[in-house]
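Asks: Position 211 of the sequence shown, counting from 1, maps to 364 under my numbering, and the rest follow consecutively.
In this text, a Cβ means the ideal position worked out from N, Cα and C, and glycines have one as well.
Everything numeric in this text was worked out from a predicted model, so none of it was measured.
One structure is given below, represented as structure tokens, and several questions about it will come after.
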Amino acid sequence: MSVNPSWQLLAALILMVAMSVVASRIGHFKMGRGMAWAAVRAAIQLFVVSAIIVAAIAHLWSSALFVGAMFAIAVWTTTGRVGTRNAWAWSALAMASGVIPLLIIVFATGTAPLNGYSLVPIGSIFVGNMMTGHTLNGRRVFPALRDNIATYEAVLSIGLPRSNAIGMVLEPITGEAIVPALDSTRTVGLVTLPGAFIGVLLGGGSALQAGAAQLLVLVGIVAGQAVTVMVMNAFIRRALLLPRDLRARLRP
154 MSVNPSWQLL AALILMVAMS VVASRIGHFK MGRGMAWAAV RAAIQLFVVS AIIVAAIAHL
214 WSSALFVGAM FAIAVWTTTG RVGTRNAWAW SALAMASGVI PLLIIVFATG TAPLNGYSLV
274 PIGSIFVGNM MTGHTLNGRR VFPALRDNIA TYEAVLSIGL PRSNAIGMVL EPITGEAIVP
334 ALDSTRTVGL VTLPGAFIGV LLGGGSALQA GAAQLLVLVG IVAGQAVTVM VMNAFIRRAL
394 LLPRDLRARL RP
């Protein structure tokens with residue numbers, strides 16, 4: 154199975170974009186234009202990135218720079234989504250705490266060879282999923298803090314420090330951000346055949362090799378997101394990683 158640039162591909166993409174725009178309008182999502190632009194932007198980026206990757210994977214140093222650039226873009230994207238650009242360094246540290254240990258484990262154990270052909274795909278998968286974990290956690294946690302200012306102030310009123318007050322609000326929802334990754338891991342092969350599995354098969358690998366690659370990715374994503382969310386929540390409790398409005402409202 155292969156997909157080549159062709160008019161058939163163009164037709165399929167146009168129909169898919171049209172389907173998403175129509176669904177957005179019927180469902181009153183108010184995201185139709187954004188969906189169409191996302192598809193156009195993805196096409197441009199993928200063609201450009203494809204050319205860059207060919208050059209980057211030839212050397213380990215250039216592959217590391219490429220993954221580093223992806224990480225920077227991921228930090229910029231997720232901090233914009235959750236409103237923490239003012240605290241981007243803490244967001245970056247939370248994400249790095251999930252990505253770096255995973256890469257060390259994969260390459261230090263010899264599970265994958267330390268070269269550009271391994272670093273770029275594995276690193277990009279882990280970076281992208283740490284970004285997802287950060288975004289999901291931020292979009293769940295920050296609204297909860299805004300909606301529970303009264304609870305926060307009540308905890309402060311009995312003499313507990315700010316970290317305890319924030320933790321009291323976060324306690325019921327801690328860890329919700331990694332539920333999608335857990336569900337994907339639990340149902341792999343039964344509900345979905347994720348990208349790493351399909352990628353190895355399309356690349357000529359055996360089903361066993363595809364399964365091994367996908368298992369490595371799925372378990373790594375769960376582990377990395379768990380660490381990212383844990384560190385992120387620790388920074389939030391210490392009021393280091395907060396949107397500007399919450400930083401002003403959650404005073405000790």
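1) Of the choices L163, A189, L162, A164, whose alpha-carbon is the least far from that of V175?
2) Going along the chain, which residues of its own chain have a beta-carbon closer than 6 Å to the beta-carbon of Y270, five neighbours each way excluded?
3) Is the CB-CB distance between V252 and F219 below 8 Å?
4) Using the C-alpha atoms, what's the distance from A297 back to G281?
5) Could you check if T230 is buried or exposed, using at least 16 other CB atoms within 10 Å of its CB as the buried criterion?
6) Taking C-alpha atoms, which residue in R390, L255, L394 lies nearest to V372?
7) Reducing DSSP to helix, strand and coil, say where S310 ends up.
8) When the distance is taken between beta carbons, is V235 closer than 8 Å to F295?
9) With H287 as the anchor, note down where its alpha helix (DSSP H) starts and where it stops.
10) Assuming F255 is part of the alpha helix (DSSP H), what are its boundary residues?
11) Which of the three DSSP states is assigned to G236 in this structure?
12) For the putative contact between L213 and L272, defined by C-beta atoms under 8 Å, what is the C-beta separation to the nearest angstrom?
13) On the DSSP letters alone, give me the boundaries of the alpha helix (DSSP H) that T316 sits inside.
14) How many angstroms separate the CA atom of I326 from the CA atom of G187?
15) For M172, which option in L163, G185, L361 has the closest C-alpha, if you only look at C-alpha atoms?
16) Do the segment 327 to 336 and the segment 376 to 384 make contact, defined as three or more Cβ pairs closer than 8 Å?
17) Can N490 and R397 be called in contact, C-beta distance under 8 Å?
18) Residues in the same chain with beta-carbon distance under 8 Å from K393, minus the five sequence neighbours each way, listed in chain order, please.
19) Alpha carbon to alpha carbon, how far is L399 from L168? Give it in angstroms, no decimals.
20) Compute the beta-carbon to beta-carbon distance between M283 and M248, rounded to the nearest angstrom, for a pair I have assumed lies under 8 Å.
21) Would I311 and R402 qualify as a contact pair, given that the criterion is a beta-carbon distance under 8 Å?
Replies: Here's the rundown:
1) The residue given as residue 175 occupies position 22 in the sequence shown. It is A189 whose Cα lies nearest to the Cα of V175.
2) For the purposes of this step, residue 270 is identified with residue 117 of the sequence shown, where counting begins at 1. Answer for Y270: I210, listed in chain order.
3) Taking the sequence shown and counting its residues from 1, one reaches residue 252 at position 99. Taking the sequence shown and counting its residues from 1, one reaches residue 219 at position 66. Result no, Cβ atoms of V252 and F219 do not sit closer than 8 Å.
4) As a position in the sequence shown, residue 281 is number 128, starting the count at 1. As a position in the sequence shown, residue 297 is number 144, starting the count at 1. So the alpha carbons of these two residues sit roughly 25 Å apart.
5) The residue you call residue 230 lines up with position 77 of the sequence shown. Its Cβ having fewer than 16 others within 10 Å, T230 is exposed.
6) The residue given as residue 372 occupies position 219 in the sequence shown. When only C-alpha atoms are compared, the closest one is L255.
7) Counted from its first residue, the sequence shown places residue 310 at position 157. It is helical.
8) Your numbering for residue 295 matches position 142 in the sequence shown. Your numbering for residue 235 matches position 82 in the sequence shown. Yes, the Cβ-Cβ distance between F295 and V235 is below 8 Å.
9) On the sequence shown, residue 287 is found 134 positions in, with the first residue counted as 1. Looking at the DSSP string, the run of the alpha helix (DSSP H) that includes H287 is 269 to 300.
10) Position 102 of the sequence shown, counted from the start, is the residue given in the question as residue 255. The amino acid at residue 255 is misidentified as Phe; the sequence shows Leu. Segment 241 to 261, the alpha helix (DSSP H) holding L255.
11) Start at 1 with the first residue of the sequence shown, and residue 236 comes out as number 83. Coil.
12) One-based indexing of the sequence shown puts residue 213 at position 60. One-based indexing of the sequence shown puts residue 272 at position 119. Their Cβ separation, rounded to whole angstroms, is 7 Å, which keeps L213 and L272 in contact under 8 Å.
13) Position 163 of the sequence shown holds residue 316. Here the sequence assigns Ser to residue 316, which means Thr is not the residue at that position. Residues 315 to 323.
14) Sequence index remark: in the sequence shown, residue 326 carries index 173 (1-based). Sequence index remark: in the sequence shown, residue 187 carries index 34 (1-based). Cα-Cα distance, rounded: 29 Å.
15) Position 19 of the sequence shown, counted from the first residue, corresponds to residue 172. Of the listed residues, the one whose Cα sits closest to M172 is G185.
16) yes
17) Not covered by the structure: residue 490. The range shown for the chain is 154 to 405.
18) The count along the sequence shown starts at 1 and reaches residue 393 at position 240. This sequence places Leu at residue 393; Lys is not what is there. Contacts found: A240, W243.
19) Numbered from 1 along the sequence shown, position 15 holds the residue referred to as residue 168. Numbered from 1 along the sequence shown, position 246 holds the residue referred to as residue 399. In a straight line, the C-alpha of L168 is about 42 Å away from that of L399.
20) Looking up residue 283 in the sequence shown gives position 130. Looking up residue 248 in the sequence shown gives position 95. Rounded, the Cβ-Cβ distance is 4 Å, consistent with contact.
21) Counting from one through the sequence shown, the residue named residue 311 turns up at place 158. Counting from one through the sequence shown, the residue named residue 402 turns up at place 249. Taking 8 Å as the Cβ cut-off, I311 and R402 do not qualify as a contacting pair.
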